[in-house]
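For reference, the structure discussed in these notes is given below.
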Amino acid sequence: MWRILLLLLSLSAHVGLSARSSLADSLMAVLANTEDEAAQLPVLGALCRIYSEEGADSTVVYCQRAIEVAGALKLPTPEVESIIIIGRWYHKKSQYQKALAYYYQAAALGEQAGLTELTGSVYTNLALSHQRLSQPDSAYFYWNKAEAAFHEAGSPAELWKAYLGLFQLFSEKQDTAQANRYATLAHQQVESSPIRSDRGYLLFQLLQYYFQTGQFEKMGAFQQLWDDYKREQKPDEALMQQPAHIALYMFATQEEAAVEAQLKKAIQYFEQSGIPYRTGWCYEDLAKLYYKQGNRGAAEQAMQQALSYYREAHVPYRRGRALNRLYQWKKECGATAEALAYLEAYEALEDSLTNVTVEQNLNALRVKAETEKKEQALQQASLGMSSVASRVDYLKGDLDIDTVSGQGTSVSIALPL
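Here it is, written out as structure tokens:
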């Protein structure tokens, strides 16, 4: 039984999606002929992972069964691993609250069982979900817990992920000093990772960050590291080819025309390749470039394109960021009604993306819009009353205006007979 299972699992490293489906069918056949729960558990775990990679609804069924069996056998490691997979499955579907519920369960089990490194991985997932929910304080709390757990477990290969998370968090908060600090720590630690793509991913993230924050000297140094990394890859490896293409615009000079040209090349490439998420990303950067140049019309049009591609790619988090950017732009130029429309679209996007700050901003905009409406009405009314007052004065009459809170305004006119 175990030999068959190991053979099937070893094949998964050399097959594509259709073969993974075939592997899943084979594992289900093995499962159907296995009554012993201890023997069922690794099969359930394998099915849990396979269906999770495919994004199939069967993920929850097999992972939940794996959790039940592992719990009954008092095996915390596979139990926590399966809970994490379900949490990630919900996270990928942008159901962050459901993901958090599973992560909290996994964290409690991991802490109780003393699974320090695995619990650290749970903390990273908790931090990511809180970050997606626009809860930076909670995200910061769990990134720090992940850092402490990986330190305690002696896992430098995992530690860089905690530093990457902290770097991204402070980058979003536009705290350059802290973001730079954690970027350096992440780069120092990623060398310990046995997975070479980890290094490539981090280099790509840092290149983009240094470009966007205008730290061109650092960007130049990391460009050399990036070039060295790409030369290390085998010619037939597709690894990081898409990010490598989008990174072309980062290597352009500070001349905005050159950056715009590279962005448009990247957009064309990703549109032809059918990669909507990356296409949206390029349009978003192009929109920010246009806005910096003062071309607000082109900026809004490009950001609308980004929204369209993010919608196609089912990435509500990026859509939320784009809508929030449009709201800020409209607010800056005093277009209150349009700003309100964008912010309301952001609120309607998904309940999990709505936070207290958004609600406060919405209320403030609603009040401002209502106030402007009332001021216009009062201005029109005052013009009308001025006309009435001039006529009463001409007839040598008396005009009395009395306003009572909660009852409105009464006007009485007395004319001589």
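Per mature numbering (1 follows the signal peptide of the UniProt record, and there is no 0): the sequence shown = residues -24 to -1, 1 to 393. Backbone N, C-alpha and C define an ideal beta-carbon position, used for all residues, glycine too.
Secondary structure of Glu123 (DSSP, three-state): helix. A contact is defined here as three or more CB-CB pairs under 8 Å, and the segment 164 to 183 meets this definition with respect to the segment 137 to 149. Counting C-beta atoms within 10 angstroms of its own C-beta, His290 has fewer than 16 neighbours from the protein chains shown and is therefore classed as exposed.
Restricting attention to Glu308, Val45 and Leu178, the CA atom closest to the CA of Glu11 is found in Val45. Assigned with DSSP and collapsed to three states, Glu11 falls in coil, not helix or strand. In the three-state scheme derived from DSSP, where H, G and I count as helix and E and B as strand, Ile251 is classed as coil.
Val36 and Gly270 have their C-alpha atoms some 49 Å from each other. Counting only the Cα atoms, Ser147 lies some 30 Å from Ile59. One Cα belongs to Phe126, the other to Leu94, and the distance between them is close to 9 Å. In the three-state scheme derived from DSSP, where H, G and I count as helix and E and B as strand, Asn101 is classed as helix.
Going by beta carbons, Leu145 and Ala83 fall outside the 9 Å limit. Straight-line measurement puts the Cα of Gln184 at about 13 Å from the Cα of Glu260. In this chain, the alpha helix (DSSP H) harbouring Asn300 covers Pro292 to Glu308. Rounded to whole angstroms, the gap between the alpha carbons of Glu128 and Arg254 is 37 Å. Taking Leu49 as reference, the option from Arg25, Ala14, Gln73 and Leu85 with the minimal CA-CA separation is Ala14. Judged by DSSP in its simplified three-state form, Ile171 adopts coil rather than helix or strand. With a beta-carbon spacing of about 4 Å, Tyr286 and Gly256 fall inside the 8 Å limit used to define contacts.
Shown here, Gln150 sits in coil according to DSSP, grouped into three states, outside any helix or strand.
Separation of Gln244 and Pro18 (C-alpha to C-alpha, rounded to the nearest whole angstrom) is 45 Å.
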